[in-house]
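Residue numbers (the numbering used here), protein chains in the order written: chain X, 9 to 295; chain Z, 6 to 256.
Quick notes on the structure that follows.
Below is the structure:
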């Protein structure tokens, strides 16, 4: 017999050893799930890589597409909105693109969590996998795309002669806050779409509408005062500003705005996590 | 803890809706009309067993007897409704060979993914990669997409990954019936090697021949209950006699 796994790798000891599963002594689900998510971080990594590779394996344009898509989108929308709406937004391409990148990160991640939920649950029904791994992978994939789509933004900034502000250093904080919110919404969506397939299509419609309710193609100042409440109730209104300010205004968003966004996002993540964890045991019976 | 697996009065019961409702719309409407009905289904009913480290145990029974469900309870996919399951040691479920394989990815990429599915970190899998590929005899094809593999080839790769993790407890659900004779023998050898090193086996099978060859002890399940739990020759003989007399048996 050749190549038998005789040797226990030294790192095995660290692999959750000693391994003991006692169904009567489980920690609260929200702690248990977090522990497993950490232990299965290798799987999160693999799933992100798999999704990227599979997406680009058979396409000629490959990775370039990630950058090309928002660029073409931006050109089209810039033409449309500056011509039809005659908006007076200075350097509209940069304004729009910063918002668009932000929005794509949110909508792509949440849609991925929703569309992959059933397949992921099928897998977790056959072998033990903590289900939060799949949500984490959706977020990870979104982050990779976000990083890539910053390249065309920088290109546009260079072409239009717009300044590349030092306040870009604040961007990681903005991405972090957006990630909390995105992950929270993804957890809710994953759970609901695992149970009800039709919510997936419903969400697509919701996300479309939500996009136009958020000041991304337009400036919030054009919204009449009596409709402003719709902005104030929209969490994405705060988040998009936190994200766009350091890029477009060259300013660090004011502390109150950052705190509101952070608090809101953290609350969404925590409630999403609890909602999700309270249903993970039951998901094994959902089809 | 001297036992590898302990099952104390395991009951697994779930509610099956009379009509499958997949859409939220339909569910909401029916909920308002109070027309959501469920049937209780008891898949496992008061299962008690204690399996010592190094034991080789088979679970037999007709389709729907609860064999696979029991394996899922042990591998923590399904939490028991009542009772207590205690598993000490690292578990490798070989429930479905090739679960999670992706056709567009290469053999190498799929090994990484499979290892991660078993809970390994990337560094750990990379260390084992060469040995896994060598055992599966797929050195030449490892960088080709797995959709170009034959069934036997991908089974070989999946089995190599699952058994290379050096688990303490192996849960096997009819997984060894794939591949050619040479591969089957190779699998058998590897299992024997693992047995010699004191690994615990729990095998679910319809094939009494496989059970007799591989297991010392057999648990016979019927309608979610243990009919008999004793040494393999006794139980398989009793099961065989029973299935001869049982007209709707498929075993």
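Beta carbons are placed, not taken as given, at the ideal position from N, Cα and C, and that holds for glycine.
Item	Value
Of all the CB atoms in chain Z, is at least one closer than 8 Å to the CB of residue 17/X?	With a pLDDT of 39 at residue 17/X, under the threshold of 50, the modelled position of that residue is not reliable, and no figure is offered here.
Would you say the segment 155-172 of chain Z touches the segment 88-105 of chain Z, given that touching needs at least three Cβ pairs under 8 Å?	yes
Residues of chain Z with CB closer than 7 Å to the CB of residue 131/X, please, in chain order.	104, 105
Specify the secondary structure class of residue 25/Z as computed by DSSP and reduced to three states.	coil
Verify the CB distance criterion: does residue 255/Z have a CB-CB separation below 8 Å to chain X?	Any reading at residue 255/Z must be qualified, since the residue scores a pLDDT of 46, below 50, and its modelled position is unreliable; the value itself is stated next. Cβ-Cβ to chain X under 8 Å: no for residue 255/Z.
Could you name the residues of the same chain whose beta carbon sits closer than 8 Å to that of residue 19/Z, not counting the 5 residues immediately before and after it, in chain order?	45, 46, 48, 86
Tell me the residue span of the beta strand (DSSP E) that contains residue 98/Z.	96-99
By how many angstroms is the C-alpha of residue 231/Z removed from the C-alpha of residue 189/Z?	30 Å
So the candidates are 251/X, 174/X, 141/X; which of them puts its Cα closest to the Cα of residue 54/X?	141/X
Figure out for me which residue from 233/Z, 71/Z, 122/Z has the closest Cα to the Cα of residue 209/Z.	71/Z
What's the gap between the Cα of residue 263/X and the Cα of residue 246/X?	12 Å
Does the beta carbon of residue 253/X come closer than 8 Å to any beta carbon on chain Z?	no
Would you identify the three-state DSSP class for residue 216/X, choosing helix, strand or coil?	helix
If you draw a straight line from the alpha carbon of residue 228/Z to that of residue 59/Z, how long is it in whole angstroms?	28 Å
Could you name the residues of the same chain whose beta carbon sits closer than 7 Å to that of residue 128/X, not counting the 5 residues immediately before and after it, in chain order?	139, 142
Whose Cβ in chain X lies nearer than 7 Å to the Cβ of residue 126/Z?	50
Residue 104/X touches chain Z at which residues, Cβ-Cβ below 8 Å?	Neighbours of residue 104/X on chain Z: none; closest Cβ ~34 Å, over 8 Å.
Please classify residue 112/X as buried or exposed, where buried requires at least 16 other C-beta atoms within 10 Å of its C-beta.	buried
Less than 8 Å between the beta carbons of residue 120/Z and residue 152/Z, yes or no?	no
Measure from the alpha carbon of residue 222/Z to the alpha carbon of each residue in 12/Z, 116/Z, 65/Z, 34/Z, then state which is nearest.	65/Z
Hey, how far is the Cα of residue 138/Z from the Cα of residue 195/Z?	15 Å
Along the chain, where does the alpha helix (DSSP H) containing residue 178/X start, and where does it finish?	Taken as a continuous stretch (DSSP letters only), residue 178/X belongs to no alpha helix (DSSP H), as it is neither H nor E.
Go to residue 46/Z, then tell me how far its beta strand (DSSP E) extends in each direction, as first and last residue.	43-56
Distance check for residue 204/Z and residue 82/Z, CA to CA, integer angstroms please.	21 Å
What did DSSP end up calling residue 152/Z once you bin it into helix, strand or coil?	helix
Can you pull the chain X neighbours of residue 244/Z, defined as C-beta to C-beta under 9 Å?	Here the premise fails: no neighbours, minimum Cβ distance about 26 Å.
Quick check on DSSP: helix, strand or coil for residue 227/X?	coil
Which residues of the segment 61-95 of chain Z have a Cβ closer than 9 Å to any Cβ of chain X? Give them in chain order.	77, 78, 79, 80, 81, 82, 83, 84, 85, 88, 89, 90, 91, 92, 93, 94, 95
Go ahead and label residue 252/X buried or exposed: buried means 16 or more other beta carbons lie within 10 angstroms of its beta carbon, across all protein chains shown.	buried
For residue 122/Z, count neighbouring C-beta atoms within 10 Å of its own C-beta (all shown protein chains included) and say buried if the count is 16 or more, exposed if not.	buried
Among residues of its own chain, excluding the 5 on either side of residue 21/X, which ones have a beta-carbon nearer than 8 Å to its beta-carbon?	Here residue 21/X scores only 37 on pLDDT, less than 50, and its place in the model is too uncertain to base an answer on.
Taking Cβ positions, are residue 190/X and residue 117/X nearer each other than 8 Å?	yes
Hey, is residue 43/X's beta-carbon within less than 8 Å of any beta-carbon in chain Z?	no
Counting only runs of 3+ residues fully inside the segment 69-146 of chain Z, write out the beta strand (DSSP E) ranges in chain order.	87-93, 96-99
For residue 40/X, decide whether its Cβ has a neighbour in chain Z, counting only Cβ atoms nearer than 8 Å.	no
What residues in the segment 133-164 of chain X have a beta carbon less than 7 Å from any beta carbon of chain Z?	133, 134, 135, 136, 137
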